[in-house]
Every structure is written in structure tokens, then in C-alpha cells.
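These protein sequence lines are chains A and B, in that order.
Here the working numbering is used: the first residue of the first sequence is 2, the next is one more, and so on.
Here the working numbering is used: the first residue of the second sequence is 8, the next is one more, and so on.
Note sheet for the following structure.
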Amino acid sequence: MVLSVQSKILLTVLAVVLMFAFFILFYYPKRQEHYLLENYNSEISNYANTVALGVKIALTEENFEGVQTALDFVRDDERLQFVSIIQNDTLWNSDHSDYELHKSVFKSYPENANVNPYAVSDDNFIVKNAPFSTQIMNGEIMLSFSTAEIIQGRNQIRLASAIASFIVFLIGLCIGYWLAKNISRPVLALRDAAQKVEQGDFTQSVITRSRDEIGELSLAFNKMVRVLSLARKEINERTEELTLAKKKSDELLLNILPSETAEELKTTGEARAKYYESVTVIFTDFKDFTAISRHKNANEIVAELHRYFSEFDRIIRKYNIEKIKTIGDAYMCVAGLPVANETHPFDAVNAAIEIRDCIFRYKKERMARGLEGYDARIGIHTGPVVAGIVGVDKFAYDIWGITVNTASRMEEASEPNKINISASLYEIIKDRYECTLRGKLDVKGLGKVAMYFVHGTKKT
Amino acid sequence: MGNLMRRFATHFLLSIILVGLCAFTAIGQEDKLVVVGNNSVPSEMDMNMLTSVLKGEQLRWKDGSRVSIALMKTNTPVGFSTCERLYNMTANELNKYFLALVFQGKVKAPTFFNSAAELEAYVSQTPGAIGVLQNTNAESIKVIRIDGKEKI
């Protein structure tokens with residue numbers, strides 16, 4: 002069982018108070034009774050001695066004033082049971098070789114008192130003897146006083162002690178409760194506040210009016226929470242900044258790398274080159290872009306390319322096609338990686354159709370504004386590639402292989418605003434798209450190669 | 008010569024008788040006691056009343072004043088004589104007698120004096136006081152006649 006601070010303080014104070022209360026209840030009355038009894042005995046002894054002295058003077062000096070005055074005092078005392086003159090006689094045996102001390106009551110007050118000359122004190126009476134010796138008589142004064150007053154006094158002391166100990170206990174209980182409450186309340190408040198701070202609530206503050214150690218602790222806690230709050234705020238801001246920076250970095254990374262490759266690069270610090278059995282590579286290139294742009298400034302050229310390529314980006318993103326790079330006014334992308342799929346030829350052709358339509362649309366717009374429009378060639382080929390990252394600075398995701406080269410040759414062999422595809426791609430998509438055979442054309446490095454224009458999807 | 012001797016012897020014998028008579032008379036005078044009292048005390052009383060008063064059996068006079076007994080100490084001739092003749096007790100018996108009475112609060116104990124003058128002064132100044140002396144010439148106290156006699 003775990004005791005709270007309040008309980009501990011209360012129990013400690015109660016233990017002290019109980020000890021004090023027990024002291025008042027038992028030890029103090031005992032001591033008082035002892036003193037009372039001692040005083041009582043002493044008082045009675047003094048009476049007896051005074052009477053004995055008075056008797057001695059009376060019998061030797063024939064002066065009875067002393068004994069009379071002493072007896073007046075004794076007789077007036079309500080506690081008196083009896084006062085007697087006990088006469089001691091020595092009784093010798095017949096041959097006078099041994100004797101016996103015989104005590105007899107000479108006179109008593111009150112007269113009818115039944116006095117035993119050998120009486121001793123008991124619970125009800127205190128008996129005191131004071132000897133005297135004269136030529137006339139040897140004996141002692143025996144004085145017996147009632148203990149009723151002592152018993153009454155003792156009872157009063159016990160009652161007073163019981164009341165006092167009860168009051169002390171009550172006061173101690175109140176003080177203990179007050180102390181426990183006053184000490185534990187701020188401690189409990191500190192505990193609650195600390196628990197809330199632990200849960201992330203840095204608005205906690207402990208209000209204390211005391212200037213003791215607990216007050217100082219509360220102030221220190223409040224200061225600590227403020228500092229923690231500021232530190233956390235700063236950390237949050239920094240974290241936010243870092244998160245933002247990381248997000249930008251990730252976005253930037255995703256812009257230049259496929260998400261899977263970017264994740265592999267972040268996780269392992271490197272991205273291994275990967276072979277893809279079948280992907281579809283798209284190339285676009287604006288016809289006579291350099292010649293047309295000769296009369297324009299760089300900003301206008303970049304803005305114009307940005308407009309086209311942004312739309313190309315949007316289109317290929319729709320078909321889950323990976324943009325590889327732009328080289329001047331050429332745009333290269335590939336379908337079927339980094340996650341291999343079986344729809345990449347169709348995705349690529351669909352995207353190429355939309356890109357072609359986009360170029361048409363933009364050309365019309367420009368011409369409507371009295372500007373010269375751009376035409377673009379599009380080439381597509383399907384085949385295997387190797388994809389990966391090379392270099393350590395400004396690395397870029399790229400693809401290599403004969404498929405890339407062939408796709409580029411398809412673009413070069415294409416015509417403005419036409420989609421030129423290889424025979425291998427045609428064999429895959431021919432059932433869904435309207436295509437026209439162009440025949441076998443001479444391609445640099447490849448010789449005579451069959452090519453097809455894709456016009457659009459077949460109407461069912 | 009013979010007559011002269013006879014007359015001398017007669018005178019000597021008479022003288023001795025006379026001296027003896029005188030001595031007897033003197034001794035008889037010394038044994039006599041006089042009871043004196045304050046004005047509160049009756050001028051006459053009989054022997055029984057005197058004995059009763061002196062033994063503490065009568066505590067007040069007729070006028071209400073308290074009886075105070077004044078005695079010569081028992082080691083004086085008068086005191087000794089008082090014990091024997093008026094109390095019919097020895098000195099020790101007298102002391103024990105009054106100790107017993109005083110102890111039980113029955114009487115005020117007698118006051119004992121060493122000299123007649125002190126006793127006379129006490130009697131004259133204490134209302135209701137009665138004392139026993141051999142003789143007195145004091146005018147401030149009166150001699151109590153016991154059974155019609157001044158000396159007992």
C-alpha cells in the first residue's frame with residue numbers, strides 16, 4: 002500500500018500528538034497523584050508532629066495552649082477520621098528478663114472512634130504516627146485522615162487530563178490535517194501539473210502563496226515549464242522547418258527520381274541499377290524550335306517551354322509514366338518503370354496522343370493571337386532498358402539501352418505533330434489504335450526499320 | 008538552787024511547748040488555700056461546686072462568662088497542695104486528666120503559673136477566671152468563700 006504525502010504527514014503529526022496525549026492522559030496524572038499523595042502525607046505528618054509536640058509540652062511544662070491550638074486545627078479538618086493518644090507501656094516478665102511493648106489507646110477524638118493502636122494506612126485512610134516521650138507518659142499521636150479528598154482530587158486530575166488529552170488530540174488532529182493539506186496540496190498540484198506537462202500541456206502553472214521551499218519549488222517548476230514551453234515551441238518551429246525542408250527535398254527528389262528509387266536512395270544511401278524486360282520510351286522534340294526562338298529572349302523561350310512541358314508532365318502523370326529528362330526542347334519519358342506493368346505500351350500511346358493534341362491546341366491558340374505556332378515530333382518504342390542513377394553529384398535517374406536509342410530514332414524519323422512508333426510497339430497496340438504503315442525507313446545505326454504513325458484509338 | 012533549777016526547767020519546757028505550738032500554727036496556715044476569682048465568679052460556693060468547676064465539669068458561670076481555671080504549677084507547694092486537696096490526684100494524674108479533657112475538646116485547659124502574682128494578674132484580667140492561691144492581698148480580685156470559709 003502506498004501512502005500519500007498527505008497521509009504520511011497526518012500520520013506523523015497524529016503519532017506525535019498521540020504520544021503527547023498519552024503523556025497527558027497517563028504519565029501526568031500519575032505524577033500529579035504522586036505529588037498529591039506526598040503533600041497529603043506530609044501535611045498529616047506535620048499535624049501529628051505538632052500535636053505530639055503540644056502533648057509533650059503540656060505534660061512537661063503544664064502548658065496546654067500548644068496542644069489545644071494544634072488540636073483545634075486538626076479537629077476543624079473535615080478529612081479527620083480520628084486522632085488518638087496511644088500510650089506505650091513496657092510490660093516486663095516476672096523475672097524482669099524480657100519485656101513486651103504494649104500499646105493502648107489513651108484518648109481519642111471523636112470519643113466514639115474505634116481505634117486500633119496498630120492501625121496502618123490503607124486505600125481509605127492514611128494513618129500517621131508521631132511519637133512523644135515524657136516522664137508521665139510515653140506514646141504516640143495517631144492521626145487518621147480520609148483519602149476521599151485524594152481520590153476526589155485524583156478523579157478530578159484524571160478527568161482534567163482526559164479532557165486535556167482529548168483537546169490536545171483534537172487540536173493535533175486539526176493541525177495535522179491543516180499541515181498535511183497545506184504541504185500536500187501544492188505537492189499534489191505540482192504532481193498533476195507535471196503529469197499534464199508530461200502529456201504535452203505546457204500551459205500548466207502552479208499557483209502558490211507560500212514562500213517556503215514548496216513555494217520556491219513551485220516557482221522553479223513554473224519557470225521550468227515556461228522554458229520547456231519555449232524550447233518545445235522552438236523545437237516545433239525547427240521541426241516544422243525541417244519537415245518543410247524535407248518535404249521540399251523529397252518533392253525535389255521525387256521530381257528527379259521515381260518514388261521507389263528515391264525511397265531506396267533515402268533508405269540505403271544508394272540505388273542499384275535495374276533491368277526492365279519491357280518498357281515504352283517516348284521522345285518529343287519541337288521542330289525548328291531553335292530557329293523560331295532565335296528572335297526571342299531567353300525568358301520567353303523558357304516560359305514557352307515551361308508551358309508545354311508542364312502540360313506534358315500533367316499528361317504523363319495521369320498515365321503513370323515516368324519523366325526521365327528534358328534536353329533543350331526535347332522531352333523524354335518512359336512507361337513501365339520503375340514499377341513494371343503490362344499496360345505501359347497503351348499508356349505511352351495514350352499519353353502521346355494527348356501530347357500531340359496539346360501541341361495542336363497550343364498552336365491554334367498562338368496562331369489565334371497572331372503568333373507563330375510550334376510543331377513537335379513524337380517517337381515511341383517498346384523494349385528492354387536498364388534504369389538507374391549514375392554519379393554522386395547532381396545525380397539523375399536515367400535509362401540506357403537500344404530501346405532508348407530506337408525511340409529517339411523514331412522521334413527523329415517522325416513528322417511534325419505525328420506519333421511515329423516502331424514495329425514492335427505496333428504489334429502490341431494495333432488492335433486498339435488506328436495506325437498507318439509508313440514502310441521501312443532508313444535509320445541511322447539500325448538500317449531499314451518498319452515504322453507506323455498512330456492516329457488515334459480505334460472506334461468500336 | 009533547787010527551786011531555781013525547777014523554775015528554769017519549767018520555763019524551758021513552757022518555751023518548748025510555745026515554740027511547738029507556734030510552729031504547728033504556722034504549718035497549719037501554710038496548708039490553707041484561698042480560692043480567688045474575677046468579678047464574674049460567685050463570691051460564695053460550696054466545696055462540691057468548687058470541685059466541679061475546677062475539674063472542668065462546669066464550663067460557664069451564671070452570667071454566661073466562660074470558666075477559666077488558674078492554678079499554680081504542680082511543682083510548687085501550693086500547686087502540689089491543690090492537686091492533693093482539691094483534685095484528690097497526683098500531679099501526673101492531674102496533667103493526664105486535663106490532657107484527656109483537652110484532647111477530646113471538652114474543656115479549656117487550666118493555665119498554670121509559677122508565681123502567685125502572675126496568677127493574681129491573670130485572674131484579675133480574665134473574665135470568669137478562678138484560681139487557687141495560698142494567700143492574697145490583691146484588691147483587684149476577690150476571695151471566694153467556700154462553705155462560708157475564706158481559707159480551706
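Quick reminder that beta carbons are idealized off the backbone N, C-alpha and C, glycines included.
Cα atoms of Lys326 of chain A and Lys234 of chain A: separation of roughly 41 Å, rounded to the nearest angstrom. Residue pairing of His456 of chain A in beta bridges, as defined by DSSP: absent, with no partner found. For Phe105 of chain B, the neighbours in chain A by C-beta distance under 7 Å run, in chain order, Phe65. Within the same chain, Ala194, Lys197, Val198, Val226 come within 6 Å of Gln205 of chain A by CB-CB distance, once the 5 residues on both sides are set aside. C-alpha of Gly392 of chain A to C-alpha of Ser230 of chain A: approximately 45 Å in a straight line. Between Ser59 of chain B and the set B:Tyr94, B:Val139, B:Glu146, the nearest pair of CA atoms involves B:Tyr94. Within the same chain, Cβ atoms closer than 8 Å to the Cβ of Lys57 of chain A are found at Phe133, Ser134, Thr135, the five residues on either side in sequence being excluded.
Under the criterion of beta carbons closer than 8 Å, Thr458 of chain A and Ile381 of chain A do not qualify as touching, at roughly 15 Å. Residue pairing by DSSP places Trp93 of chain A opposite A:Tyr100 in a beta bridge. Measuring C-alpha to C-alpha distances from Ala165 of chain A to each of A:Lys445, A:Ala22, A:Phe310 identifies A:Ala22 as the nearest.
Within chain B, the residues placing a beta-carbon under 7 Å from that of Tyr110 of chain A are Phe110, Gln111, Gly112, ordered along the chain. Going by beta carbons, Val109 of chain B and Gln69 of chain A fall inside the 7 Å limit. The beta carbons of Ala49 of chain A and Lys129 of chain A sit about 4 Å from each other, so the pair counts as a contact at 8 Å. As computed with DSSP, Val444 of chain A is found in a beta bridge with A:Gly448. Within the segment 71-97 of chain B, Lys80, Thr81 place their CB atoms closer than 7 Å to a CB of chain A, listed in sequence order. Among the residues facing chain A, Ala136 of chain B is not included, as its CB has no counterpart in that chain under 7 Å away.
Scanning chain B for C-beta atoms nearer than 8 Å to the C-beta of Gln69 of chain A yields Val109, Lys115, Ala116, reported in chain order. Counting only residues of its own chain and dropping the five nearest sequence neighbours on each side, Leu306 of chain A has a CB closer than 7 Å to the CB of Asp330. Residue range 118-120 is occupied by the beta strand (DSSP E) that includes Thr118 of chain B. Rounded to the nearest angstrom, the Cβ distance from Ala408 of chain A to Ile283 of chain A is 7 Å, consistent with a contact under 8 Å. Taking C-beta atoms as the reference points, Thr51 of chain A and Ala71 of chain A count as a pair closer than 7 Å. Under the three-state reduction of DSSP, Ile137 of chain A is assigned to coil, being neither helix nor strand. The beta carbon of Lys365 of chain A is closer than 8 Å to those of Gly374 in its chain, skipping five residues each way along the sequence.
Taking all protein chains shown into account, Thr143 of chain B has 16 or more neighbouring C-beta atoms within 10 Å of its C-beta and is therefore buried. The continuous stretches of alpha helix (DSSP H) do not include Arg433 of chain A, and DSSP gives it neither H nor E.
Excluding sequence positions up to five before and after Gly55 of chain A, its CB lies within less than 6 Å of the CB of Gly67, Val68, Ala71, all in the same chain and listed in chain order. Secondary structure in the segment 383-435 of chain A: the alpha helix (DSSP H) runs of 4 residues or longer, each lying completely within the stretch, are 403-413, 424-430 in chain order.
CA-CA distance, Gly389 of chain A to Asp314 of chain A, rounds to 21 Å. For Ile148 of chain B, the three-state secondary structure derived from DSSP is coil.
Under the Cβ criterion of 7 Å, Phe119 of chain B is counted among the residues facing chain A. Exposure of Gln157 of chain A is indicated by the presence of fewer than 16 other C-beta atoms within 10 angstroms of its C-beta. Counting along the chain, the unbroken beta strand (DSSP E) around Ser279 of chain A starts and ends at 275-287. Three or more beta-carbon pairs separated by less than 8 Å are not found between the segment 36-47 of chain A and the segment 96-105 of chain B, which leaves the two stretches without contact.
Here the segment 420-431 of chain A lies against the segment 444-453 of chain A, with 3 or more beta-carbon pairs under 8 Å apart.
The beta strand (DSSP E) runs of length 3 or more contained entirely in the segment 303-349 of chain A are, from start to end of the chain, 323-328, 331-336.
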